[in-house]
Each structure stands twice: as structure tokens, then as C-alpha cells.
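Enquirer:
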Amino acid sequence: MKNYNITLLRGDGIGPEIVNEAVKVLDVTAEKYGFKVNYTDALLGGCAIDETGVPLPQETIDKCKASDSVLLGAVGGPKWDTLPGKNRPEAGLLGIRGALGLFANLRPAVIFEPLKDASPLRADIVGGALDIMIVRELTGGIYFGERGTLVENGMEAAYDTEKYSVAEIERIGRVAFDMAMKRNKKLTSVDKANVLDSSRLWRKTMIRLSEEYPEVELNHLYVDNCAMQLVRDPKQFDVIVTSNIFGDILSDEASQISGSIGMLASASLNSTKLGLYEPIHGSAPDIAGKGIANPLATILSVAMMLRYSLDEPAAADAIERAVSEVLDTTRTPDIYTEGTRKVSTSEMGDAVCALIR
Ligand code: NAD
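FYI, numbering that gives the first Met the number 0 numbers position 159 of the sequence shown as 158, with every residue one higher than the one before it.
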């Protein structure tokens, strides 16, 4: 029987509550699909600060590196908001991404049919199921480029640098083309090649890479146009690949189209199959401890883990099917509508488990 080692970073706020449900679902899925999962807990964020004084202890990095995959709840909260930047919980998040070399961020923007009324866009625009995958470069570009502040002509000035090498572009490009091959073979590369040299290199490299993937239809959009198209006609997109800063903004825009922050998963991958899987939402301190958080984004993160790190696509499909089905009848308060059953965090986990069994 296959055996997988997963590190759990439960984190802060609602993190422990939602990770509990994801573990429940993973255990039931493992039993049904014939594999075993071993869990190791590690500290990240505010809980790590409280116990060890730092948001990312070395022990956490070591445990994550030694595992097949990592599941993260969420970190942060008002208790740690007054700490200086590098000692804050969020610094642990950036730190673990860097330590694991996670250069590819996958953010699906999905609308499940039963939740289509939650979208701020008209039903005829999002109608049917919407399913976009944004592939964002995560360790290069302007967030990591040379920067500085200086005094110029007696006035304060500051600069940041956007820089990409061909190797960095090829690496993220391959993730996106491979993803497109597994989906509808349609890839949109987003840049600002009318203005930026780094974007012109990005586009040239994507075009060259496309020769290795003759089945994938590649098109290019300027980032400003892409931002418009996402709200004008989001169904035109399948896989989008873009740089760190453009992906940061576009993936948040795309997530809003779904209208339900408690439903969206994400994955960050490195060049081995090790990945960090997490919901896109934060630690929701306003509802922590009340047992009402929506665990579905974390449960869907487990489905992504099974698909992209553990090579268990049938088990991933089963979780996604169960989540889609559960929404017909069962809702946590954040997505509740009349005529459905309003449930707690753990009741939602149980309902998904029952459908998988
Ligand atoms: P948030 O995502 O935590 O919450 C925004 C709103 O959405 C809140 O009203 C919250 O109750 C609701 N919400 C979020 N997740 C939900 C869920 N699963 N079920 C039901 N409702 C949910 O964002 P915020 O309030 O801006 O940030 C709170 C803390 O989380 C901050 O400390 C922030 O730095 C941190 N944060 C962490 C991550 C992460 O760990 N990856 C990401 C974003 C924010």
C-alpha cells in the first residue's frame, strides 16, 4: 500500500478548524482509494511566534522538506499585528515558500453551479461552470528584484526592478503548458510586451516553448486587457500564465468572480513534486473558534495535493465531485441560502466524507 507523509501547518485563527476537516476527508479518501497518510504537525505563523519566538522555526522547514506534501491552514491575527515586519506571522509564509523553492503558484478560479448566484457578475456572463487556472511565477520578478531608495535632486526617490531570466520563464512556462495539456489545451500568456523589455523576453520565450507543445493553442494578452477580459468574458480563459506581480493582481481579481472566498484552493509547487497546499483566504480572526468557518477551500486544497503532488487523480476527482454535490443541500453560514441546510465546520466535513464513502 502506498504511504504518504504530509506535514500539517495548522496555523492561526480558523486554520486548525479547517485543517481538521481536510484531514478527515483525506483519511476517508485514502481508505477508499487504497493508500495511507501519515501526518506530522509543525508550527508556522502566530502559533510559532508564541512557542518559539519566530514565525518559521528551522524545525518546520526540516519537517516540510522531509515530507511528500504540506497542507497549510492560514496564519496571522490581531494578536501579532504590532510586531515588526520580519517577525510577523506573514513573514513565516514568505519564508516557507522561499525555503521550499516554490516557484509556481496555481490558483483555480472556479464557480460551482449551485453557487453561481454568489458571483458579482451576471449569470449570463459566468453561466454554466466557470473554471480558470492561473499559473503565477512566485519567486522572481519585481518582488525579488534589486530595489532601493535614494535622494535625487534633493528629493526622496525609490525604485524596484522587474527582471526575469530565460530559465525562470521556461520553468514556469513548462508548468503552464503541462497544465494546459491536462485541461483544454488552451493557454493565455499575460505580459506588458508593448512597454517592458522583461515582458518582450517573456513573450519570446513562451512562443519558443510552444514549439514543444504543438497541441496547445497559445495566445497573448497585455495585462491591462486581461484584467478587463476577466470581468467582460471570463469563460474565454482556461489556463493563464503570468509573472509574479501581474499574477498577484489577476488571481485576486479572478477569485472575486467566484464570490465565495471560503471555496478557493491554491497550490505552490517546486521542481520536485513537493507542494504547499492552502486555501486562498486568511485566518478569519472574526469567526475563529465559533465552528462556522467554511472548510471547503481547504478540502479542495487536499484534492489539488492528490492531483499535483501525490499522483492520485481518481481520489482528487472524488473529493471535487463530493464538494460539488454537497453544495446542493448543505452550506456553512458564509454561503448559506434559503432551502439548504445550514451546518457547522465539522458538519460540513462530515457531509463531504459521507458522499465520498
Ligand atoms: P480573511 O481571508 O482572513 O477574512 C476576510 C473575510 O472573509 C472575513 O470576514 C472572514 O470571516 C471571511 N472568511 C475567510 N475565510 C473564511 C472561511 N473559510 N469561511 C467563512 N468565512 C471566511 O482576510 P483578512 O481578514 O484580511 O485577514 C485576517 C488575517 O489573515 C490577517 O492577519 C492576514 O494577514 C491573514 N492572512 C493570511 C493568509 C494566509 O495565511 N495565507 C492570507 C490572507 C490573510
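A virtual CB, placed ideally from N, CA and C, is assigned to each residue, including glycine. Model, not experiment: these values are computed from the prediction.
1. How is the beta strand (DSSP E) around M132 delimited, first residue to last?
2. What are the complete alpha helix (DSSP H) segments, minimum 4 residues, inside the segment 286-330?
3. For P294, which of I17, Y3, L7 and T6 has the nearest alpha-carbon?
4. Can you tell me whether K272 is helix, strand or coil according to DSSP?
5. Using a threshold of 7 Å, is the CB atom of I286 nearer than that to any non-hydrogen atom of the ligand NAD?
6. Please return the same chain residues whose Cβ sits closer than 7 Å to the Cβ of G286, not counting the five positions on each side in sequence.
7. Taking only runs that begin and end inside the segment 184-269, name each unbroken alpha helix (DSSP H) of 4 or more residues, in chain order.
8. What are the residues that DSSP puts in a beta bridge with A73?
9. As an exercise, report each continuous alpha helix (DSSP H) stretch of at least 4 residues that is fully enclosed by the segment 18-80, in chain order.
10. Counting only the same chain and skipping the five closest in sequence on each side, list residues whose C-beta sits under 7 Å from that of M178.
11. With three or more beta-carbon pairs closer than 8 Å as the criterion, would you say the segment 114-128 touches the segment 243-259?
12. Could you please give me the residues that DSSP links to L150 through a beta bridge?
13. Are the segment 38-48 and the segment 88-102 touching, with three or more C-beta to C-beta distances below 8 Å?
14. With distances taken Cα to Cα, identify the nearest neighbour of G140 among S198, K184, E337 and C225.
15. Would D196 and H219 be called neighbours here (beta carbons separated by less than 8 Å)?
16. Need the endpoints of the alpha helix (DSSP H) that I95 sits in, please.
17. If you follow the alpha helix (DSSP H) that L354 is part of, which residue opens it and which one closes it?
18. Does DSSP put P278 in a helix, a strand or coil?
19. Would you report the Cα separation of A314 and S68, rounded to the nearest angstrom?
20. For Y221 and A192, I'd like the C-alpha separation in whole angstroms.
21. Need the endpoints of the beta strand (DSSP E) that A108 sits in, please.
22. If you drop the 5 nearest sequence neighbours on each side, which residues of the same chain put their C-beta closer than 7 Å to that of K341?
23. Would I318 and T51 be called neighbours here (beta carbons separated by less than 8 Å)?
24. Looking only at C-alpha atoms, which of V125, H280, G274 and L305 sits nearest to S259?
25. So is E136 buried or exposed if we call it buried at 16+ other beta carbons inside 10 Å?
26. Throw me the rounded Cβ distance for the V215 and K234 pair, which I believe falls under 8 Å.
27. Roughly how many angstroms lie between the CA atoms of P278 and A353, to the nearest whole one?
28. For G338, count neighbouring Cβ atoms within 10 angstroms of its own Cβ and tell me buried if that reaches 16, exposed if not.
29. Near W79, what residues of its chain come up, given a Cβ to Cβ distance below 7 Å and the 5 sequence neighbours on each side ignored?
Expert: Let me spell this out:
1. L129 to E136
2. 295-307 and 312-325
3. I17
4. coil
5. yes
6. With the sequence shown as reference, residue 286 is identified as Ile, and Gly is not the correct amino acid for it. Around I286: I13 and A292.
7. 196-209, 222-231 and 243-257
8. G10
9. 45-51 and 57-64
10. M132, V134 and V238
11. yes
12. What sits at residue 150 in the sequence shown is Val, not Leu. Note: V150 sits in a beta bridge opposite E155.
13. yes
14. S198
15. no
16. P88 to A98
17. T344 to I355
18. strand
19. 16 Å
20. 7 Å
21. A103 to I110
22. R330, P332 and Y335
23. no
24. H280
25. buried
26. About 19 Å separates the two Cβ atoms, so there is no contact after all.
27. 22 Å
28. exposed
29. G45, I48, R87 and P88
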